[in-house]
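K.L.:
Below: one structure in structure tokens.
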Amino acid sequence: MPDTLVALYIFVLSCFIGYWVIWGVTPSLHTPLVALTNAISGIIIVGALLVTGLDSVGTVAELFGFIAVLLASINVFGGFLVTNRMLAMFKKKDK
Amino acid sequence: MEISANTQAVAYLISAILFILALKGLTHPASARRGNYLGIAGMAIAIIATLLGSEVQSYGFIIAGVAAGAVIGTVLASRVQMTAMPQLVAALHSFVGMAAVLVAIGTYLNHDAAGTLNPVMMGELSVGIIIGAITFSGSVVAFAKLQGLVSGAPVKFKGQHMLNAAMAVATILLGIHFGMTESMTSLVLMTLIAFVLGFTLIIPIGGADMPVIISMLNSYSGWAAAATGFTLGNLLLIIVGALVGFSGAILSFIMCRAMNRSIINVVFGGFGSESGGEVSAAGEAAQKGVKSASVDDAIYWMEDANKVIIVPGYGMAVAQAQHALKEMMELLEKRDVSVKFAIHPVAGRMPGHMNVLLAEADIPYDHVVEMDEINSEFPTADVTLVVGANDVVNPAAKSDSSSPIYGMPILEAAKSRQIYFLKRSMNPGYSGVDNLLFYQDNTSLIFGDAKDTIEGMVTALKGGGH
Chain A
14 MPDTLVALYI FVLSCFIGYW VIWGVTPSLH TPLVALTNAI SGIIIVGALL
64 VTGLDSVGTV AELFGFIAVL LASINVFGGF LVTNRMLAMF KKKDK
Chain B
84 MEISANTQAV AYLISAILFI LALKGLTHPA SARRGNYLGI AGMAIAIIAT
134 LLGSEVQSYG FIIAGVAAGA VIGTVLASRV QMTAMPQLVA ALHSFVGMAA
184 VLVAIGTYLN HDAAGTLNPV MMGELSVGII IGAITFSGSV VAFAKLQGLV
234 SGAPVKFKGQ HMLNAAMAVA TILLGIHFGM TESMTSLVLM TLIAFVLGFT
284 LIIPIGGADM PVIISMLNSY SGWAAAATGF TLGNLLLIIV GALVGFSGAI
334 LSFIMCRAMN RSIINVVFGG FGSESGGEVS AAGEAAQKGV KSASVDDAIY
384 WMEDANKVII VPGYGMAVAQ AQHALKEMME LLEKRDVSVK FAIHPVAGRM
434 PGHMNVLLAE ADIPYDHVVE MDEINSEFPT ADVTLVVGAN DVVNPAAKSD
484 SSSPIYGMPI LEAAKSRQIY FLKRSMNPGY SGVDNLLFYQ DNTSLIFGDA
534 KDTIEGMVTA LKGGGH
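Those sequence lines, one after another, are chains A and B.
Residues in the first sequence are numbered consecutively from 14, following the numbering used here.
Residues in the second sequence are numbered consecutively from 84, following the numbering used here.
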């Protein structure tokens with residue numbers, strides 16, 4: 014099976030996982046869900062690292078890669094941190 | 084230290100599992116924080132495994148980029164106000180979109196230099212660029228609207244949909260041309276048109292439809308990551324992209340269902356506007372046969388009630404009234420009044436917006452109830468207090484088949500014994516539809532800033548009431 018087809022298999026099956034997992038999320042946590050998926054989509058940083066870290070890169074590609082690493086890192090750090098901040102506020106009645 | 088491709092693949096698999104468990108954690112507030120930590124672990128593993136792999140050889144730019152991003156991200160996340168969460172999310176979406184575009188172009192440049200381009204890869208990276216660019220400029224527009232940099236009102240012009248369709252076709256044709264000829268000009272043109280398209284797609288959408296738009300752009304940012312995964316042959320990106328893409332798609336669906344509108348209708352509709360003159364509120368109200376009441380009237384009913392339901396809307400967020408509401412809730416509970424908050428799925432500017440604001444004010448989440456659950460409780464509520472919401476309690480959605488909001492699921496506030504609306508003016512909700520609930524015999528309107536009004540109620544309750 015060619016690599017692209019394997020990738021397609023993985024993609025389609027992941028869509029099913031996404032479908033079932035997300036329907037289970039409680040509506041009260043929809044804002045944290047958006048923030049968390051935002052942080053997780055910072056996974057694009059992996060692509061940015063691969064572009065930037067290539068030994069033989071020309072200056073333009075390296076520059077693009079650098080900006081991509083920067084933007085994706087903002088997402089990763091900002092996304093997880095803000096999600097944590099929000100989730101810390103969701104409390105049960107304790108008094 | 085360098086790890087083999089196989090070790091890296093296993094690390095990516097672990098990382099993917101951790102991300103799935105992270106999302107799963109959001110099933111309940113009690114497990115949610117653990118979920119977030121699992122997500123952080125997944126991300127750390129993915130980044131470390133990538134850095135240790137054989138493809139990454141130079142680290143200078145990477146360290147600089149991550150360090151700067153960490154500082155900016157940390158500052159943004161720790162300073163942002165909870166009311167500004169939709170803006171932050173829009174900004175972060177735009178970063179993912181831009182990163183996807185840059186990664187795709189960088190990949191093209193690298194492979195071009197190495198002479199290893201092939202049509203499949205170029206097709207994949209075209210898709211990544213188109214989705215990424217639309218995500219970027221669309222999110223920038225959403226950010227500008229939410230932040231109030233531009234008017235939240237829909238911007239419409241003649242031939243808009245035709246123009247968008249033409250641009251969409253053009254990006255696809257240019258992408259195909261690029262794949263066949265490796266033409267740099269096609270690549271650049273395609274990218275530029277996609278940026279413009281993201282812009283023109285979002286400007287016709289009004290501020291109150293933002294919950295759908297935020298969800299949709301959330302979805303796009305996932306698909307952009309997945310497309311990048313196809314380009315790079317990176318399975319982790321594909322898995323995570325699909326998870327995020329579906330998450331956003333499901334949220335968009337839930338938001339549309341809560342408004343009884345199709346996604347097509349939201350994207351092309353340009354529903355209503357938010358502007359409108361603030362004609363002397365009480366005067367106009369009297370004209371229309373609406374009763375207005377004072378803070379004391381409402382307190383008179385609330386302090387002896389068994390059950391009070393509060394319906395918060397975007398107006399509560401604007402007035403920052405959530406902290407005052409919490410104080411009022413405590414004072415009422417001291418008098419053995421049960422207080423609950425009823426949440427409509429599209430209240431606010433993003434999915435779950437009200438829940439976060441109420442949580443910020445330390446209101447326990449078991450007091451905050453979703454629409455389907457609370458609707459059966461309205462008939463037993465002595466008082467329903469509507470704070471900055473409007474369309475979501477309009478009975479016209481059930482009774483008037485000619486109304487634009489007909490069929491939209493609503494909070495059945497109309498069935499409670501007494502209804503008090505806190506309103507700034509007689510302006511209708513974003514749909515521009517008159518609210519039938521205003522004219523009901525047991526409904527009264529209290530005009531003024533929501534926060535001031537509630538603080539007035541708090542003072543009255545502290546003073547011992549009547």
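Cβ atoms here follow ideal geometry from the backbone N, Cα and C, with glycine treated the same way.
1) Express the C-alpha separation of Asn301 of chain B and Thr50 of chain A in angstroms, rounding to a whole number.
2) Would you tell me roughly how many angstroms separate the C-alpha atoms of Ser421 of chain B and Val475 of chain B, rounded to the nearest one?
3) What residues of chain A sit near Ala115 of chain B, judged by a beta carbon separation below 8 Å?
4) Let me confirm a value: Ala381 of chain B is counted as buried when at least 16 other C-beta atoms fall within 10 Å, else exposed. Which label applies?
5) When burial is assigned at 16 or more other CB atoms within 10 Å of the CB, is Ser358 of chain B buried or exposed?
6) Does DSSP put Val424 of chain B in a helix, a strand or coil?
7) Assuming Val139 of chain B contacts Gly66 of chain A under a Cβ cut-off of 8 Å, what Cβ separation, rounded to an integer in Å, is found between them?
8) Can you list the residues of chain A that Leu505 of chain B reaches, using a CB-CB cut of under 7 Å?
9) Within 10 Å of its beta-carbon, does Ala105 of chain B have 16 or more other beta-carbons around it, so buried, or fewer, so exposed?
10) Cβ of Met433 of chain B within 8 Å of Cβ of Ile297 of chain B?
11) So Ala94 of chain B packs on Ala132 of chain B, CB below 8 Å; how close in whole Å?
12) May I have the straight-line CA-CA distance separating His450 of chain B from Lys107 of chain B, to the nearest angstrom?
13) May I ask which residues mark the beginning and end of the beta strand (DSSP E) holding Leu528 of chain B?
14) Is it the case that the CB of Ile255 of chain B approaches a heavy atom of the ligand NAD more closely than 7 Å?
15) Leu320 of chain B versus chain A: which residues are under 8 Å apart at the beta carbon?
16) Give the DSSP bridge partners of Phe144 of chain B, in chain order.
17) Identify, in the order they occur along the chain, each residue of the same chain with its Cβ nearer than 6 Å to the Cβ of Phe504 of chain B, setting aside the five sequence neighbours on each side.
18) Find out if the Cβ-Cβ distance for the pair Thr274 of chain B, Ile212 of chain B is shorter than 8 Å.
19) List, in chain order, every chain A residue whose beta-carbon is nearer than 7 Å to that of Gln140 of chain B.
20) What number of angstroms, rounded off, separates the C-alpha of Ala3 of chain A from the C-alpha of Ala101 of chain A?
21) Quick one: list the residues of chain A neighbouring Gly198 of chain B, beta-carbon separation under 9 Å, in chain order.
22) For chain D, find out if any of its Cβ atoms is closer than 8 Å to the Cβ of Tyr397 of chain B; answer yes or no.
23) Answer yes or no: does any C-beta atom of chain A fall closer than 8 Å to that of Ile346 of chain B?
24) With 8 Å as the threshold, decide whether the Cβ of Ala425 of chain B is near any Cβ in chain A.
25) What are the uninterrupted segments assigned as alpha helix (DSSP H) that are 4 or more residues long and contained completely in the segment 381-461 of chain B, given in chain order?
26) Determine the chain B residues that contact Ala83 of chain A at a beta-carbon separation under 7 Å, and present them in chain order.
27) Find the nearest neighbour of Asp465 of chain B within the set B:His406, B:Gly152 and B:Ile392, judged by alpha-carbon distance.
28) Could you give the first and the last residue of the continuous beta strand (DSSP E) run that contains Lys506 of chain B?
29) Report the rounded CA-to-CA distance for Thr96 of chain A versus Asn119 of chain B, giving the unit in angstroms.
30) Under the three-state reduction of DSSP, which class applies to Leu67 of chain A: helix, strand or coil?
31) Is it true that the segment 56-65 of chain A meets the segment 80-97 of chain A, where meeting means three or more beta-carbon pairs spaced less than 8 Å apart?
32) Tell me Val470 of chain B's beta-bridge partners as DSSP assigns them.
P.N.:
In short, the structure shows the following:
1) Cα to Cα, Thr50 of chain A sits roughly 8 Å from Asn301 of chain B.
2) Pairing Ser421 of chain B with Val475 of chain B, the inter-Cα distance amounts to about 22 Å.
3) When 8 Å is used as the limit between beta carbons, Ala115 of chain B is near these residues of chain A: Leu42, Pro45, Leu100 and Phe103, in chain order.
4) Counting of Cβ neighbours within 10 angstroms places Ala381 of chain B among the buried residues, the total reaching 16 or more.
5) Residue confidence is low: Ser358 of chain B scores 38 on pLDDT, short of 50, so the model does not pin down where it sits. No coordinate-derived value is stated.
6) The residue you asked about is not Val; residue 424 of chain B is Phe in the sequence shown. Reduced to three states, the DSSP call for Phe424 of chain B is strand.
7) Sure, about 3 Å apart at Cβ, within 8 Å.
8) Neighbours of Leu505 of chain B on chain A: none; closest Cβ ~23 Å, over 7 Å.
9) Ala105 of chain B comes out buried.
10) Ile297 of chain B sits close to Met433 of chain B, with the two beta carbons spaced by under 8 Å.
11) Correct: roughly 4 Å between the Cβ atoms.
12) The alpha-carbon atoms of His450 of chain B and Lys107 of chain B are separated by roughly 23 Å.
13) That run of the beta strand (DSSP E) goes Thr526 to Phe530.
14) No copy of the ligand NAD appears in this structure; indeed no ligand is present at all.
15) Neighbours of Leu320 of chain B on chain A, chain order: Ile56, Ile57, Val59 and Gly60.
16) Paired residue(s): none; Phe144 of chain B is not in a bridge.
17) Taken in chain order, the residues that qualify are Val469 and Leu528.
18) Against a cut-off of 8 Å, the Cβ pair of Ile212 of chain B and Thr274 of chain B comes out as a contact.
19) Near Gln140 of chain B (Cβ distances below 7 Å), the residues of chain A are Gly66, Leu67 and Asp68.
20) A question about residue 3 of chain A goes unanswered here, because the residues of chain A that appear run from 14 up to 108.
21) For a Cβ distance threshold of 9 Å, nothing in chain A lies close to Gly198 of chain B: the least Cβ distance comes to about 12 Å.
22) Going by chain labels, chain D is absent from the structure shown, which instead holds the protein chains A and B.
23) No, no contact with chain A.
24) Not one chain A Cβ lies under 8 Å of Ala425 of chain B.
25) Taking only runs of at least 4 residues, the alpha helix (DSSP H) segments lying wholly in the segment 381-461 of chain B are 397-402, 405-417, 436-443 and 454-457.
26) One point to set straight first is that residue 83 of chain A is Leu, not Ala, in the sequence displayed. For Leu83 of chain A, the residues of chain B that pass the 7 Å Cβ criterion are Gly148, Ala151 and Gly152, in the order they occur in the chain.
27) For the residues B:His406, B:Gly152 and B:Ile392, the minimum Cα distance to Asp465 of chain B belongs to B:Ile392.
28) Residues Gln501 to Lys506.
29) Looking at the two C-alpha atoms, the distance is approximately 7 Å.
30) Coil at Leu67 of chain A, not helix or strand.
31) Counting Cβ pairs under 8 Å, three or more are found: they touch.
32) Beta-bridge pairing links Val470 of chain B to B:Pro395 and B:Leu505.
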